[in-house]
Amino acid sequence: MKIFRQDCLTCYQKITHQNDKLSYEKLEICPECLLHLPWAKNNCYRCGLVTLALDDFRTCEQCRENPPYFDRLFAPFFYQMPIAEMIMQLKFGRCVILAKTLHKLFLNRFAADFKAAQHNVPQMIIPMPLHKKRMRQRGYNQSYALARCFADKSRLNPLFVPVHDRLAWRTKPTIAQSSLDKQDRQKNIKDAFAVSPQIAQYQHVAILDDVVTTGATANALAKVIKVAGVDQVDLWCIARA
Ligand SMILES: [Zn+2]
Ligand SMILES: [Zn+2]
Numbered sequence: 003m004k005i006f007r008q009d010c011l012t013c014y015q016k017i018t019h020q021n022d023k024l025s026y027e028k029l030e031i032c033p034e035c036l037l038h039l040p041w042a043k044n045n046c047y048r049c050g051l052v053t054l055a056l057d058d059f060r061t062c063e064q065c066r067e068n069p070p071y072f073d074r075l076f077a078p079f080f081y082q083m084p085i086a087e088m089i090m091q092l093k094f095g096r097c098v099i100l101a102k103t104l105h106k107l108f109l110n111r112f113a114a115d116f117k118a119a120q121h122n123v124p125q126m127i128i129p130m131p132l133h134k135k136r137m138r139q140r141g142y143n144q145s146y147a148l149a150r151c152f153a154d155k156s157r158l159n160p161l162f163v164p165v166h167d168r169l170a171w172r173t174k175p176t177i178a179q180s181s182l183d184k185q186d187r188q189k190n191i192k193d194a195f196a197v198s199p200q201i202a203q204y205q206h207v208a209i210l211d212d213v214v215t216t217g218a219t220a221n222a223l224a225k226v227i228k229v230a231g232v233d234q235v236d237l238w239c240i241a242r243a
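Next up, the structure:
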C-alpha cells in the first residue's frame, strides 16, 4: 500500500496518509490537531451565530424576526486559533497551499451533507469581490483563491461548483465593518455592490468569503443578488467570527 508523509501545519508532527483515504481526508493537519480545531457548533443555520434557542429549522430568534438576505450560512469553524491564523496567512501571505487546506476542511465538514442531498449544491460560486483599489494593494483576492478549489474538475474534488468572479463587483471602497458603529456600518455598505444582469440565469448561488464577521457585507451583496432575480443565495465561508 502506498503511503506518504508530511508535517502537520499546526504541531509539525509527521502525518502518515494511506492511499485509500479520500483526497479531502488527506489533510495537512494531524488527527489530534483536527479534533481540536474550533469547529462551529450550536449555531444558527441562517446567521451562524451561537444560540441556545434554535427552532425546528435551527434558526435563532433574531433570524426569525429579522432574517438576513442570505438563506443559509455554511461555516465549518469559529474564527479562533489556529484557523484565524491560517486565514490571516491566506489573506496576506498569499499562501495558496492554505486555500487548498481550508477547502479540504470545508469539505470535511460539509461534503457528506451535500452528498446526502441534505442541501442543494449551488449552481455557481460568487467569490466576495474586492474593490479594485484593494485588489491592487493586495495583488490577489483570497476568496477567489478559495473558490477556485471548488471549481477543480479533477476527481479528487468531491464537490464541484463552478466559479464566476465577474458577476459581482464593488462600486466603492469600504472600510472594515468591525471598526464602525451601527449607523456608519449601514452608510459604509450602502450601494457598495453591483451585479451583472447575467446573474439572473441562476436560481441558486453561493457567496464565498474567507471569514464572516458582522455578516453585513455579505448581506448587502446577497440583497443585490436577490434583487437581480436569484431565488436562493447561500453564504459559504471558512469561519464565522
Ligand atoms: Zn498536529
Ligand atoms: Zn440566526
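Taken in order, the sequence shown gives residues 3 to 243; the numbers are from the working numbering.
Even for Gly, the Cβ is constructed at its ideal location relative to N, Cα and C.
Asked, Found
"Distance, residue 15 Cα to residue 30 Cα", "10 Å"
"8 Å CB neighbourhood of residue 141 in its chain, flanking five on each side removed", "96"
"Same chain, Cβ closer than 6 Å to residue 127, neighbours up to 5 away in sequence not counted", "149, 152, 163, 165, 208, 210"
"Cβ-Cβ separation, residue 206 to residue 183 (assumed contact under 8 Å), whole Å", "About 34 Å; that fails the 8 Å criterion."
"heavy atom of ligand 2 below 7 Å from residue 182 C-beta", "no"
"Span of the alpha helix (DSSP H), counted from its first residue to its last, around residue 234", "It is not in any alpha helix (DSSP H) - residue 234 instead sits in the beta strand (DSSP E) that spans 234 to 242."
"Spatially closest choice to residue 174 from 135, 199, 167, by CA coordinates", "135"
"Residues that residue 16 bridges to, as DSSP identifies them", "9"
"Every unbroken alpha helix (DSSP H) within the stretch 20 to 91, with a cutoff of 4 residues, ordered by chain", "33 to 37, 63 to 67"
"Per-residue burial, residue 65 [other beta carbons within 10 Å of its own, 16 or more giving buried]", "buried"
"Identity of the residues DSSP links to residue 126 by a beta bridge", "207"
"For residue 2, the first and last residue of its enclosing alpha helix (DSSP H)", "Residue 2 is absent from the structure shown; the chain starts at 3 and stops at 243."
"For residue 172, three-class secondary structure by DSSP", "strand"
"Residue 34 beta carbon near ligand 1 (any heavy atom closer than 7 Å)", "yes"
"Proximity to residue 217 [Cα-Cα], best of 187, 229, 101, 112", "187"
"beta-carbon residue 239 near ligand 2 non-hydrogen atom, thresh 7 Å", "no"
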